[in-house]
Amino acid sequence: MRIYKISASELDDGLRRRWREIQGTNPSLRNPYFCPEYTESVAAVRDDVFLGILEEQDGRVAGIFPFQMATRHIAEPVGGRMSDYQGLIVSPGTECDAGELLRGCGLKVWKFDHLLEDQACFSGFHGVKDFSQAMDMSNGYDAYLAEKRKSGSRRLAQFQRKGRKFEREVGAFRFETYSTDEDAFEQVIAWKREQCIRTGAPDFLGWGWTRALLERIWRIRNTHFSGMLSVLYHDETIIAAHFGMKSSTVCHWWFPTYNSEYSRYSPGGVLLLKLAESVAADGITLVDLGKGKEEYKPSFSNYEIGLAEGTAFVPSPIAFLYKARQDSEQFLRRSPYAERVKTPIRKVRRLLGKRSA
888 MRIYKISASE LDDGLRRRWR EIQGTNPSLR NPYFCPEYTE SVAAVRDDVF LGILEEQDGR
948 VAGIFPFQMA TRHIAEPVGG RMSDYQGLIV SPGTECDAGE LLRGCGLKVW KFDHLLEDQA
1008 CFSGFHGVKD FSQAMDMSNG YDAYLAEKRK SGSRRLAQFQ RKGRKFEREV GAFRFETYST
1068 DEDAFEQVIA WKREQCIRTG APDFLGWGWT RALLERIWRI RNTHFSGMLS VLYHDETIIA
1128 AHFGMKSSTV CHWWFPTYNS EYSRYSPGGV LLLKLAESVA ADGITLVDLG KGKEEYKPSF
1188 SNYEIGLAEG TAFVPSPIAF LYKARQDSEQ FLRRSPYAER VKTPIRKVRR LLGKRSA
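In terms of this note's numbering, the sequence shown opens at residue 888 and continues consecutively.
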């Protein structure tokens, strides 16, 4: 098999069609992160996005490996910390050697933190395993609610009651699944940035390219991929809003925000239920809530997708030094001193975030 890389800007109609063909053969790739539109959107606002091409002897493309350069020989997922899913665009059963793939792309290291666990190519490089939580609505929204009730979950009913309480005490909701409200878009950015600053996380939406990326995704609307700005209003007041994206079957829950003045009504949970009901009616079978330990996620989740974090590499001095640094960070994370170093690490990450803007 021949492996080489091209700039993502060279993606043409033929390769885009082949990408969709491969994606359609592999249920693991149904998330919108694996659609060509996501990679193309990042490539439109950054000049360091590439595609590794796995080509059979007859010239047929067997796989595509999207990546983004971090330094000269070190790559990361497309979109960096904006990426909630990573991996090869390949059909099930396609054989691939990670070392050959990296060498063919001119790389020494590829770091990942949301890799599909079931991708055999990188299985030898898994460090930490985790999972993404999701709402499986394969049998419809009503069946999903019934399943959650049967499992003993009471939180969804609580969110529904709080929504009714809001309407009694404040007034009626108005929900838009695909909003074009510029003010709502700005509000999502502002609330999310405030949250990052308040919690000490990097202000990643303050980097110029990330905002441009969301704006570009928001403008895309086709049967394969769409940006989504979903807003819960009372009159003209924004109660909660979410920015995400969807493929033909999966809606990815990405940037949820809400108006803190109405926090007693759990507006984020009310919004998520209304969004799930709306997209289920449009044929969406899964709302992916992403990786993370947020308290609300288990209340909604009835499905998990295995993910892995690690570093794939080919033996080299660069890879050795990089791997040593990664191992040190993981040791600190798991050590009894993790809480003591958390604040200094966050400060360093915020500084690094500003430098990469």
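Glycine included, C-beta positions come from ideal geometry on N, C-alpha and C.
query, result
"Contacts around residue 1065, its chain only, beta-carbon distance under 8 Å, and the 5 residues preceding and following it disregarded", "1108, 1113, 1115, 1116, 1117"
"Rounded distance between the beta-carbons of residue 985 and residue 1199, thought under 8 Å", "5 Å"
"Cβ shell of residue 1056 (< 6 Å), same chain only, five flanking positions each side left out", "none"
"Start-to-end residues for the alpha helix (DSSP H) that takes in residue 1070", "1069 to 1086"
"Three-way DSSP call (helix, strand, coil) for residue 1094 in this model", "coil"
"Where residue 1046 falls: helix, strand or coil (DSSP)", "helix"
"Distance, residue 1004 Cα to residue 1010 Cα", "7 Å"
"Residues that residue 997 bridges to, as DSSP identifies them", "962, 1199"
"Buried versus exposed call for residue 923 [16 or more other C-beta atoms within 10 Å across all chains shown]", "buried"
"Environment of residue 1175 [buried if 16+ CB atoms lie within 10 Å]", "buried"
"Residue(s) in a DSSP beta bridge with residue 1014", "BP columns for residue 1014 are empty, so no partner."
"For residue 1036, three-class secondary structure by DSSP", "helix"
"Anticipated Cβ contact below 8 Å, residue 952 with residue 988, distance rounded", "6 Å"
"Residues near residue 906 in its chain [Cβ-Cβ closer than 7 Å; skip 5 each side]", "923, 951, 976"
"For residue 942, the first and last residue of its enclosing beta strand (DSSP E)", "936 to 942"
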